[in-house]
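Asker:
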Amino acid sequence: MKTCDKYRELLPEFLEGALETDAAADVATHLADCAACRAELGFVRNLTAAARRLSPPKVSDGVVLRMMERVRHPSGQQRRTDFGPVLDVNDLAEYLRMDMAALEPYLADIPCFELGGKLLFRRQTVEAWVQQKEQSLGFSSGFEGGARIAVPESAETGGSLWTL
Amino acid sequence: MPGITDEELMMRFQTGDVCAYELLCERYRTPVFGFIYRMLGNDRGPAEDLLQDIFAKIAGAAQFYEPRAKFSTWLFTIVRNHCRNYLKSRMFLQGKVTVPMDGGEGTGDEQVQPRQVAGPTDTLREVENRETGAILESAIGRLPDMYREVFVLRAVQGMSHEDTAKVLGLNSATVRTHYHRARQLLREDVGGILGDGDLAGGRGN
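So the sequence lines, in the order shown, correspond to chains A and B. The first sequence maps to residues 1355 to 1518 in the working numbering. The second sequence maps to residues 14 to 218 in the working numbering.
1. Kindly indicate if chain B contains any beta-carbon less than 8 Å away from that of residue 1406 of chain A.
2. Which class does residue 1476 of chain A belong to by DSSP, given the choice of helix, strand or coil?
3. What whole-angstrom Cβ distance do residue 198 of chain B and residue 156 of chain B have, given they're in contact under 8 Å?
4. Where do the N-terminal and C-terminal ends of the beta strand (DSSP E) with residue 1467 of chain A fall, by residue?
5. Figure out for me which residue from B/194, B/32, B/81 has the closest Cα to the Cα of residue 1427 of chain A.
6. List, in chain order, every chain A residue whose beta-carbon is nearer than 8 Å to that of residue 146 of chain B.
7. Okay, do the segment 185-197 of chain B and the segment 163-173 of chain B touch, 3+ Cβ pairs below 8 Å being the bar?
8. Measure the alpha-carbon distance for residue 1363 of chain A versus residue 1356 of chain A and round it to whole angstroms.
9. Following the continuous alpha helix (DSSP H) through residue 1369 of chain A, name the residue where it begins and the one where it ends.
10. Considering Cα atoms alone, identify which of A/1400, A/1466, A/1365 is closest to residue 1441 of chain A.
11. Pull up the distance between the alpha-carbon of residue 1470 of chain A and that of residue 1488 of chain A, whole angstroms please.
12. Rounded to whole angstroms, what is the Cα-Cα separation between residue 1413 of chain A and residue 1394 of chain A?
13. Closer than 8 Å by beta-carbon distance: list the chain A residues that pair up with residue 190 of chain B, in chain order.
14. Report yes or no: is there a C-beta of chain B within less than 8 Å of the C-beta of residue 1372 of chain A?
15. DSSP three-state call for residue 207 of chain B: helix, strand or coil?
16. Under 6 Å Cβ to Cβ from residue 89 of chain B, same chain only, skipping five residues before and after it: list those, please.
17. Could you name the residues of the segment 1442-1456 of chain A whose beta carbon sits closer than 9 Å to any beta carbon of chain B, in the order they occur along the chain?
18. Please state if the CB of residue 34 of chain B and the CB of residue 1425 of chain A are separated by a distance shorter than 8 Å.
19. I need the DSSP call for residue 176 of chain B, collapsed to helix, strand or coil.
20. In its own chain, which residues sit with a C-beta less than 7 Å from the C-beta of residue 91 of chain B, not counting the 5 before and 5 after it?
21. In chain A, which residues lie less than 8 Å from residue 167 of chain B when you measure between Cβ atoms?
22. Could you tell me which chain B residues have their CB closer than 9 Å to the CB of residue 1467 of chain A, listed as they occur along the chain?
23. The beta strand (DSSP E) that contains residue 1373 of chain A, what's its start and end?
24. Would a check of beta-carbon distances place residue 1474 of chain A closer than 8 Å to chain B?
25. Put residue 1413 of chain A into one of helix, strand or coil per three-state DSSP.
26. Could you check whether the Cβ of residue 1480 of chain A sits closer than 8 Å to any Cβ belonging to chain B?
27. Going by Cα to Cα distance, which pick from B/149, B/168, B/18 is closest to residue 1399 of chain A?
28. Can you find a CB in chain A that lies within less than 8 Å of the CB of residue 20 of chain B?
29. Residues of the segment 1375-1400 of chain A with a CB closer than 9 Å to any CB of chain B: list them in chain order, please.
30. Taking only beta-carbon atoms, is residue 50 of chain B less than 8 Å away from chain A?
31. Counting only C-beta atoms, is residue 149 of chain B closer than 8 Å to chain A at any point?
32. Of all the options A/1473, A/1439, A/1405, which has the alpha carbon lying nearest to the alpha carbon of residue 145 of chain B?
33. Tell me which residue opens and which closes the beta strand (DSSP E) that residue 1440 of chain A is part of.
34. So the alpha helix (DSSP H) residue 1404 of chain A belongs to, where does it begin and stop?
35. Taking buried to mean at least 16 other C-beta atoms within 10 Å of its own C-beta, is residue 1459 of chain A buried or exposed?
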């Protein structure tokens, strides 16, 4: 026998008419006998109505313009991907798609070497460091979970921390 | 192009019709922004950045869209994953990386929306609705991420149960449980102002 909680889980679909006939009849029978679940049905109805009435936050006009500009002229937004085997700090920031201020706390953690007074990073080593980070944090690609999209090899060479 | 489906527009864009994609952006920018904004705890700046990034990235990767997938479900899957990645990166920066997002208690910096001042032409009902809305909005912001995303998609955006499960990559039963839990938490938080919370008939079994 189902508990009230199990019936209550079904109430939104019951209200939407999205349940199969038998399941809907089962819920209706339970509601006829259970005042607590009838009250819950009223709450679900009120809550859903209030949620649907919420004003959508407005996207500011400037953001819409910038967004459409990026859609129309994607090349202007593309980042550099032609990094050589050795990066200096600025290259590294661009490679990791971070600004310098954000990168700074991580610098001590990223393997590097010094040559002629310049702090340098091997791209391969940085990639390994990034991979280690990915594995330890369990980040997922933005297109996972049924989005059915493949990221081309070339898009991966940018080596960003946060992929598509 | 009002009669054209999202999927047709996306296919047109795949063949180089940028106007078709602009129309898709027009159709979806408000609901997508609404979802991002609420998932990021009403943090406007990052939400606007994420909105631009997502639509630009989707434009760049449009050739990978398969028309048999419903566009809105595909889009929200991408949007949701971007939000999760953003929230995870923010938790990392805040030194909370050991707290799994799925079991987290919100993002920690939810902001209460300012209440709007009533205008002279507002009816009492409009004022009441707006006040209820502001209270509900901040209560939604206090929900843990895993319940908030289900609540926003199902109740606020009106997405079907099946589509919500697809977007979130969860099974049907889990979506029901999370949505129910979200409602329970909201009831404890703001049930009084929504009315019809009379439990005088008993506590149920």
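Heads up, the beta-carbon is just placed ideally off N, CA and C, and yes, glycines get one too. Fair warning: this is a prediction, and the values are worked out from it, not measured in the lab.
Answerer: So, to answer that:
1. Residue-level contact check: residue 1406 of chain A touches chain B, since one or more beta carbons of chain B fall below 8 Å from its beta carbon.
2. Assignment of residue 1476 of chain A by DSSP, reduced to helix, strand and coil, places it in the strand class.
3. Confirmed, about 6 Å.
4. Where residue 1467 of chain A is concerned, the enclosing beta strand (DSSP E) starts and stops at 1467-1469.
5. Ranking the options by Cα distance to residue 1427 of chain A, first place goes to B/32.
6. Here the neighbours are 1404, 1407, 1408, 1409.
7. Short answer: they touch.
8. Separation of residue 1363 of chain A and residue 1356 of chain A (C-alpha to C-alpha, rounded to the nearest whole angstrom) is 11 Å.
9. Note, residue 1369 of chain A: alpha helix (DSSP H), 1358-1370.
10. Nearest Cα to residue 1441 of chain A within the set A/1400, A/1466, A/1365: A/1466.
11. Approximately 32 Å between the Cα atoms of the pair.
12. Roughly 35 Å separates the two Cα atoms.
13. Those are 1363, listed as they occur along chain A.
14. Residue 1372 of chain A counts as touching chain B.
15. Residue state, collapsed to three classes: helix.
16. In chain order, 180 place their CB closer than 6 Å to the CB of residue 89 of chain B, counting only its own chain and leaving out the 5 sequence neighbours on each side.
17. In summary, the residues of the segment 1442-1456 of chain A whose CB is separated from some CB of chain B by less than 9 Å are 1456, in the order they occur in the chain.
18. The criterion of a C-beta distance shorter than 8 Å is satisfied by residue 1425 of chain A and residue 34 of chain B.
19. Assignment of residue 176 of chain B by DSSP, reduced to helix, strand and coil, places it in the helix class.
20. Result list for residue 91 of chain B: 67, 71, in chain order.
21. When 8 Å is used as the limit between beta carbons, residue 167 of chain B is near these residues of chain A: 1366, in chain order.
22. By Cβ distance, chain B contributes nothing, its closest Cβ being about 26 Å from residue 1467 of chain A, past 9 Å.
23. First-last for residue 1373 of chain A: undefined, no H or E at that position.
24. Output row for residue 1474 of chain A: interface = no.
25. Here residue 1413 of chain A sits in coil by DSSP.
26. Residue 1480 of chain A does not count as touching chain B.
27. With distances taken between Cα atoms, residue 1399 of chain A lies closest to B/168.
28. For residue 20 of chain B, no CB of chain A lies under 8 Å from its own CB, so it is not counted at the interface with that chain.
29. Taking 9 Å as the upper bound on Cβ-Cβ separation, chain B lies near residues 1388, 1389, 1390, 1391, 1392, 1393, 1394, 1395, 1396, 1397, 1398, 1399, 1400 of the segment 1375-1400 of chain A.
30. Output row for residue 50 of chain B: interface = yes.
31. For residue 149 of chain B, a Cβ of chain A is located within less than 8 Å of the residue's own Cβ.
32. The option with the nearest alpha carbon to residue 145 of chain B is A/1405.
33. Run containing residue 1440 of chain A: 1440-1442, per the beta strand (DSSP E) assignment.
34. That run of the alpha helix (DSSP H) goes 1389-1407.
35. When all chains shown are included, residue 1459 of chain A counts as exposed.
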